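The structure appears below as structure tokens.
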Amino acid sequence: MALILYITFNTKELFWQDSVSIDKFSRKGDQMFFGPKVRNKFFTHLILTLCFTLLITIAFLGINAIPTYAASKIDLASSSVIAHIAAGSSPSVVWISTTYETQKSPLSVFGAMGDNSTPAQGLGSGFFFDDKGFILTNAHVVSGAKTIEVLLKGQKNPFPATLVGIDQDLDVAIIKIDPPQKMPCLKLGDSDKAQTGDWVVAIGNPYGLDHTVTLGIISAKGRPIVAGEGGNGQVYDDMLQTDAAINPGNSGGPLLNLDGEVIGINAAVSASGQGLGFAIPINKVKDILDELKTKGKVSHPWIGVALIDLKNVRADVRSYLGITKTDGVLLQSVVNGSPAAEAGLRQYDVILEIDHHAVDDSQELVDGIRHHKVGDKVNLLILRKGDLIKVEVTLDEKPQ
68 MALILYITFN TKELFWQDSV SIDKFSRKGD QMFFGPKVRN KFFTHLILTL CFTLLITIAF
128 LGINAIPTYA ASKIDLASSS VIAHIAAGSS PSVVWISTTY ETQKSPLSVF GAMGDNSTPA
188 QGLGSGFFFD DKGFILTNAH VVSGAKTIEV LLKGQKNPFP ATLVGIDQDL DVAIIKIDPP
248 QKMPCLKLGD SDKAQTGDWV VAIGNPYGLD HTVTLGIISA KGRPIVAGEG GNGQVYDDML
308 QTDAAINPGN SGGPLLNLDG EVIGINAAVS ASGQGLGFAI PINKVKDILD ELKTKGKVSH
368 PWIGVALIDL KNVRADVRSY LGITKTDGVL LQSVVNGSPA AEAGLRQYDV ILEIDHHAVD
428 DSQELVDGIR HHKVGDKVNL LILRKGDLIK VEVTLDEKPQ
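Numbering (my numbering), first residue to last: 68 to 467.
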């Protein structure tokens, strides 16, 4: 349209301005031809018109070529994608309730009569990953439980469940019910493909509010966290961080991508912060799933030491120990009877290498051990009172 208007306007302007100058035209037979001046001006206007049109076209195409993720991906504001995920996934999510050995009742401090003990109870979430009744959840949801019961969506009577397998290191457990029919199960996705900023959906039973759905994003990947207090805390590495609301009772529930696939198992929430939830990447779970399902446990290699990064040791302590380096791992303690003790490792030794690869921090040492199997031998280079010593350690199975 712009091209037509521009040519029409300029052509009219051209003939109006030049129609009075008869010398600008010449005749040949019965045809009228433009003279040289008119031809030059006409072609000039034509070229300008084409250039103008080309610029407008490029600008128009350029604007439309800009990626608009709301249109090309999923517009969360105007679509019902979250509602579809919730409706399709919720029947696969279960409510897990547990009871534990009795403990002293709080009423006993008032001298109450009768039985001074009351059963401890727990609450968590889980989801079917197998239509035969197998459920994934967190180890801390069912660990040590005397009884486990599973309540399905829309039902009032729970199913008794049995513990199939548990892995405290990854905080994963499998429980099973005997359903009268095939159960709806969730597809396990690929957590490696998930990116920081991707939308995620969490489903669980926080504070007993069954099948609560929350929305957020992946805030970060590869987060290490410490669960527990003091020196007894368990370190979990490579966690997914999300701001989707996760509260007590959400543990064991699925973290889903927008395809409705499980990319994580919700495991922890920061008590001191808001919007700080953590989930176990599902690819780590898939690596041990068959072993956990068939053997009931996962065999992890272990040397039996407590570690601290040298860079986190105060300079005066390093000086007292005669250590000038900051790269490496200090042995805070060595477990009696462990592979490390059998190999002659001592408290305050510094591990510098494993299998000829430099060890800058404790995570690198842990990763180096995890790449081996129980029974493998690893070669360590240690620093002890200024001397470099090579030590061979035979890995044993880590106690549960």
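Don't be surprised by glycine CBs; every beta carbon is placed ideally from N, CA and C.
The structure displayed is predicted, hence computed values, not measured ones.
Query: Under the assumption that Gly331 contacts Ala346 (Cβ atoms under 8 Å), give the Cβ distance between them as a whole number of angstroms.; Result: 3 Å
Query: On the CB-based measure, 16 or more other CB atoms within 10 Å of its CB, does Glu459 come out buried or exposed?; Result: exposed
Query: Does the separation of the CB atoms of Ala269 and Ala311 fall below 8 Å?; Result: yes
Query: Check whether the Cβ atoms of Pro253 and Ser366 sit closer than 8 Å, and answer yes or no.; Result: This sequence places Leu at residue 253; Pro is not what is there. No, these two residues do not count as a Cβ contact at 8 Å.
Query: Where does Lys457 sit, in a helix, a strand or coil, going by DSSP?; Result: strand
Query: So, helix, strand or coil for Thr263, using DSSP?; Result: coil
Query: To the nearest angstrom, how far is the alpha carbon of Ser139 from that of Leu282?; Result: For Ser139, the predicted structure reports a pLDDT of 41, less than 50, and the residue's modelled location is therefore unreliable. A value from the coordinates is still provided. Their backbone Cα atoms lie some 20 Å apart in a straight line.
Query: On the three-pair Cβ rule with 8 Å, is the region 236-246 touching the region 269-279?; Result: no
Query: What distance in whole Å lies between the Cβ atoms of Gln235 and Ser210, which are believed to be in contact at a cut-off of 8 Å?; Result: 7 Å
Query: For Gly178, does the three-state DSSP call read helix, strand or coil?; Result: With a pLDDT of 39 at Gly178, under the threshold of 50, the modelled position of that residue is not reliable, and the figure given next carries that caveat. DSSP places Gly178 in coil when its eight states are reduced to three.
Query: Express the C-alpha separation of Val239 and Val352 in angstroms, rounding to a whole number.; Result: 7 Å
Query: Opposite Lys301 in the DSSP bridges: which residues?; Result: Strictly speaking, residue 301 in this sequence is Gln, with Lys absent from that position. Partner(s): Ala294.
Query: If you pair each beta-carbon of the region 375-385 with each one of the region 355-365, do three or more pairs fall below 8 Å?; Result: no
Query: Sort Gly320, Glu420, Ser258, Asn317 by Cα distance to Asn350 and report the nearest one.; Result: Ser258
Query: Alpha carbon to alpha carbon, how far is Met306 from Val231?; Result: 24 Å
Query: Val441 to Gly221, Cα distance in whole Å?; Result: 45 Å
Query: Which residues mark the beginning and the end of the alpha helix (DSSP H) in which Ile436 is found?; Result: 429-437
Query: CA-CA distance, Leu203 and Arg385?; Result: 45 Å
Query: What is the rounded straight-line gap between the Cα of Thr165 and the Cα of Pro225?; Result: 11 Å
Query: Between the alpha carbons of Val417 and Lys364, how many angstroms are there, rounded?; Result: 32 Å
Query: By a C-beta neighbour count over all protein chains shown, 10 Å radius and 16 as the cutoff for buried, is Pro348 buried or exposed?; Result: buried
Query: Quick one: give me the first and last residue of the alpha helix (DSSP H) that Glu328 is part of.; Result: No alpha helix (DSSP H) contains Glu328, which DSSP labels as neither H nor E.
Query: Quick test of your reading: Leu398 and Leu374, contact by CB under 8 Å. State the CB separation rounded to the nearest angstrom.; Result: 7 Å
Query: Please name the residue in Gly319, Pro291, Val293, Leu323 whose C-alpha comes closest to that of Ala266.; Result: According to the sequence provided, residue 266 is Trp. The question's Ala does not apply to it. Out of Gly319, Pro291, Val293, Leu323, Leu323 has the C-alpha closest to the C-alpha of Trp266.
Query: Please go through the same chain and pick out, in chain order, the residues whose beta-carbon is closer than 6 Å to the beta-carbon of Asn446, but skip the five residues on each side of it.; Result: Asp422, Glu459
Query: Which of helix, strand or coil does DSSP assign to Thr281?; Result: strand
Query: Quick one, which of Leu190, Thr214, Val402, Ser286 has its alpha-carbon nearest Gln341's?; Result: Ser286
Query: Would you decide whether His207 is buried or exposed? Buried here means 16 or more other CB atoms lie within 10 Å of its CB.; Result: buried
Query: Leaving out five residues before and five after Leu218 in sequence, what residues of the same chain have Cβ atoms less than 6 Å from its Cβ?; Result: Trp162, Pro225
Query: Just the C-alpha distance for Pro321 and His424, rounded to the nearest angstrom, thanks.; Result: 37 Å
Query: Since Asn317 contacts Ser192 with CB under 8 Å, what's their CB separation in whole angstroms?; Result: 6 Å
Query: Measuring only the C-alpha atoms, how far is Val329 from Asp454?; Result: 50 Å
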